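A.B. asks:
There are 2 protein chains.
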Amino acid sequence: MATITKENYLKALYFLHQKSDAISLTDLGKTMEVSKPTVNDMVKKLHDRGWIKYEKYKPLKLTDKGRKAAMQIVRKHRLSEMFLVQVMGFGWEEVHDIAEELEHIKADKLFDRMDELMGFPSVDPHGSPIPDKNGNYNKPNYKLLSQVPENSKVVVRALRDSSTEFLLYLNKKGLQLGTEIVTHQIEPFDKSITVSYASYSETTLSSSVSNRLLVEVV
Amino acid sequence: MATITKENYLKALYFLHQKSDAISLTDLGKTMEVSKPTVNDMVKKLHDRGWIKYEKYKPLKLTDKGRKAAMQIVRKHRLSEMFLVQVMGFGWEEVHDIAEELEHIKADKLFDRMDELMGFPSVDPHGSPIPDKNGNYNKPNYKLLSQVPENSKVVVRALRDSSTEFLLYLNKKGLQLGTEIVTHQIEPFDKSITVSYASYSETTLSSSVSNRLLVEVV
DNA sequence: TTTATTTGTTAGGCTAGTCTAACTTTTTAA
DNA sequence: TTAAAAAGTTAGACTAGCCTAACAAATAAA
Ligand SMILES: [Mn+2]
Ligand SMILES: [Mn+2]
Ligand SMILES: [Mn+2]
Ligand SMILES: [Mn+2]
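As they're listed, the protein sequences go chains A and L. Under the working numbering, the first residue of the first sequence is numbered 3, with each subsequent residue one higher. Under the working numbering, the first residue of the second sequence is numbered 3, with each subsequent residue one higher.
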C-alpha cells in the first residue's frame with residue numbers, strides 16, 4: 003500500500019473529514035505537525051496515487067479510494083486496541099500508543115486472526131466502531147451526557163476523547179463503557195451535572211467531562 | 003534506538019557472526035541485498051553510533067553494544083513468533099514474515115506482556131532460543147540428525163532452517179519439535195537415513211533433511 | 001474596494017537510504 | 001613476484017520526507 007508516513011496522512015485526512023467536508027492544507031499540516039511546504043508536497047503525491055482530490059488553492063478531499071485506504075488503517079488500529087485489552091490484559095489507557103505502531107503492520111492475516119479470536123467485535127475499548135474489511139461500520143447516534151435532560155437514565159457507550167489523561171480520570175471515578183448513570187441536576191452556571199452510578203450515589207461531573215461521554219438513553 | 007533499516011543491518015550482522023568472527027562488507031551486502039557502496043555508507047553510520055568496529059579495508063565486527071542491540075530485535079522476533087503460535091493459533095510455517103514486521107515495534111511493554119502471558123518461554127516455535135532482556139540465552143548443544151549413529155533414540159529439539167518450504171515438508175512428514183525418532187540405517191551412498199517415529203514405522207529422510215534437524219540424544 | 005491577513009506555492013537545501021560507474025587496495029593465482 | 005580477481009572506496013545521482021525563506025493568491029477587514 004503506502005509508506006507509514008503516507009498512511010498517517012491518510013488517517014489524519016479521514017479524521018479531519020469528520021469535522022468538515024473540505025480540508026485545508028493548513029489544517030492537515032497542523033495535524034501532522036509539519037510545515038506547509040511539506041504538506042503541499044505530500045498532497046501532490048497523495049493526489050498522484052489517487053487518494054485525494056487536489057487542485058491548486060482548492061481545499062482537499064479524500065477520494066473513495068483514499069477513504070477506504072484510511073479505513074483499513076483505522077480498522078487495524080482499533081482491532082489492535084481491542085486485542086491488547088481483551089486478549090493481552092492491557093488497560094484501556096495503555097493501548098493507543100502501541101496501536102499507533104501496530105496499525106502499520108502489513109500482514110493482514112494478523113488482524114483477521116485478532117478479529118476472529120475476539121469474535122468480530124464491533125467497537126474498540128473506547129467505544130469507537132471497528133470498520134469491517136470493506137471499510138464499513140455503523141455509526142450509532144449516541145448523545146453527549148451534557149445533552150441529556152435531568153433525571154434520565156443512560157448507559158456510557160463511547161468516548162469522544164481517548165487521551166490517557168481522560169482515561170485515567172475515568173478509571174479514578176470508576177466510569178467504564180456500560181456504566182449506568184442517572185442524571186440529577188444540571189448547574190446552570192457552569193453546566194456541571196450531578197449524577198449517580200455504581201461507584202457513586204451522588205457525584206458531580208464537570209461539563210468538560212460530560213462533553214466527552216457518549217451515552218445511550220435507556 | 004535505530005531506524006528499521008539499521009535494525010535490520012544489526013540483525014544481519016548478528017547472524018553473520020554465528021558463522022565467522024569477522025564479517026566482510028560484501029557478505030553483509032549480499033545478506034541485505036544492497037550494493038557495496040550502500041553497505042559501505044551504512045557501515046560508517048553504524049560505526050559512528052558505536053554498534054560496530056570498522057576501519058577502512060578491515061573486516062567488520064559487532065561491538066558489545068551492537069550485539070546487545072541486535073539481541074533485542076531477535077528477542078522481539080522470537081517472542082512474536084511464539085506468541086503467534088501459542089496464543090493466536092498460527093502454524094509455525096506462517097509466523098516468520100509477521101514477526102519480521104513485529105520485531106520493529108518500539109513499545110517494549112508489548113513484548114514483555116507476551117513474554118509474561120506465555121510464562122517466559124525459552125525457545126521460539128522453531129526451537130531457537132529467546133534472549134532475555136539483557137540479550138542472554140543458553141545455547142544447548144544439540145546434534146544434527148545427520149551426525150547421530152545408527153540405532154540411536156533422539157528427540158527433535160530445533161531446526162537449522164526455518165524456511166516455509168522446510169516447515170511445510172515437516173508438516174507433511176508429521177515431524178515436530180519433541181518428536182522422538184529412532185535411527186536405523188544410514189545409506190553410505192547419499193547419506194540418507196532410515197528412521198521411525200510416531201507417524202512412520204519406517205521412512206527415509208534425505209541428508210538435506212537430516213542436516214537441518216537438531217536433535218537431543220536420549 | 002482597497003488593504004491587511006491568511007493560505008498556498010515555489011525555490012533551494014538537508015538526511016536517510018539507495019543506486020551505477022569508475023577507481024584503488026588487498027588478496028589470490030599464475 | 002607479478003598479474004588477475006575480488007573486495008572496498010569514492011563520486012555523483014535519485015526518492016522520500018522534512019525544513020526555511022520568499023513570494024503569490026485568496027479571503028477577510030477596514
Ligand atoms: Mn487509539
Ligand atoms: Mn480507540
Ligand atoms: Mn523467524
Ligand atoms: Mn524462529
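Built from N, CA and C at the ideal position, the CB exists for glycine as well. Remember, predicted model here, so these are calculated numbers, not experimental data.
Pull up the DSSP beta-bridge partners for Ala1 (chain L), would you.
C.D. replies: With chain L running from 3 to 220 in the structure shown, residue 1 (chain L) is simply not present.
A.B. asks: Nearest-angstrom Cα distance between Leu161 (chain L) and Gln20 (chain A)?
C.D. replies: Cα to Cα, the separation comes out at about 51 Å.
A.B. asks: Using C-beta distances below 7 Å, list every residue in its chain close to Trp94 (chain A), excluding the 5 sequence neighbours before and after it, in chain order.
C.D. replies: Hits under 7 Å: Val87, Pro127, His128, Leu169.
A.B. asks: Mind checking which residues open and close the alpha helix (DSSP H) that includes His79 (chain A)?
C.D. replies: It spans 66 to 88 - the alpha helix (DSSP H) in which His79 (chain A) sits, taken as one unbroken run.
A.B. asks: Per the contact definition of three or more C-beta pairs closer than 8 Å, is the segment 8 to 17 of chain L in contact with the segment 63 to 76 of chain L?
C.D. replies: Yes: the two stretches touch, three or more of their Cβ pairs being nearer than 8 Å.
A.B. asks: How long is the line joining the alpha carbons of Ile195 (chain A) and Ala109 (chain A), rounded to whole angstroms?
C.D. replies: Taking the straight line from one Cα to the other gives about 46 Å.
A.B. asks: Are the beta-carbon atoms of Ile107 (chain L) and Glu83 (chain A) separated by less than 8 Å?
C.D. replies: No, they are not a contact pair.
A.B. asks: Which residues in the same chain as Ile54 (chain L) place their Cβ atom closer than 8 Å to its Cβ, once the five residues preceding and following it in sequence are excluded?
C.D. replies: Within the same chain, Ile54 (chain L) has close Cβ partners Leu15, Val45, Leu48, Leu62, Lys63, Leu64, Thr65, Gly68.
A.B. asks: Can you tell me the Cα-Cα spacing of Pro190 (chain A) and Tyr199 (chain A), whole angstroms?
C.D. replies: Roughly 22 Å between the two C-alpha positions.
A.B. asks: When you compare only the Cα positions, how much space is there between Glu221 (chain A) and Asp134 (chain L)?
C.D. replies: Nothing about residue 221 (chain A) can be reported from this structure: the residues present for chain A run from 3 to 220 only.
A.B. asks: Sorted by chain position, which residues of the same chain lie with C-beta nearer than 6 Å to Met34 (chain A)'s C-beta, five sequence neighbours on each side aside?
C.D. replies: So the list reads Ala14, once near-sequence residues are dropped.
A.B. asks: Are Leu27 (chain L) and Val41 (chain L) close, meaning C-beta to C-beta below 8 Å?
C.D. replies: Contact flag set, yes.
A.B. asks: Mind listing which residues of the segment 93 to 111 of chain L have their C-beta closer than 8 Å to chain A's C-betas, in chain order?
C.D. replies: So the list reads Glu96, Asp99, Ile100, Glu103, Leu104, Ile107, Lys108, Ala109, Lys111, given in the order they occur along the chain.
A.B. asks: Would you give the residue range spanned by the beta strand (DSSP E) that Tyr199 (chain L) belongs to?
C.D. replies: Residues 195 to 199.
A.B. asks: Quick one: list the residues of chain L neighbouring Met90 (chain A), beta-carbon separation under 7 Å, in chain order.
C.D. replies: The contacting residues are Arg115, Leu119.
A.B. asks: Given a cut-off of 8 Å on the beta-carbon distance, is the pair Lys141 (chain A) and Val184 (chain A) in contact?
C.D. replies: Not in contact: Lys141 (chain A) and Val184 (chain A) (Cβ atoms no closer than 8 Å).
A.B. asks: Confirm the yes/no value for this check: CB of Glu96 (chain A), any heavy atom of ligand 1, distance under 7 Å.
C.D. replies: No - ligand 1 has no heavy atom lying nearer than 7 Å to the Cβ of Glu96 (chain A).
A.B. asks: In three-state terms, what does DSSP make of Glu182 (chain A)?
C.D. replies: Reduced to three states, the DSSP call for Glu182 (chain A) is strand.
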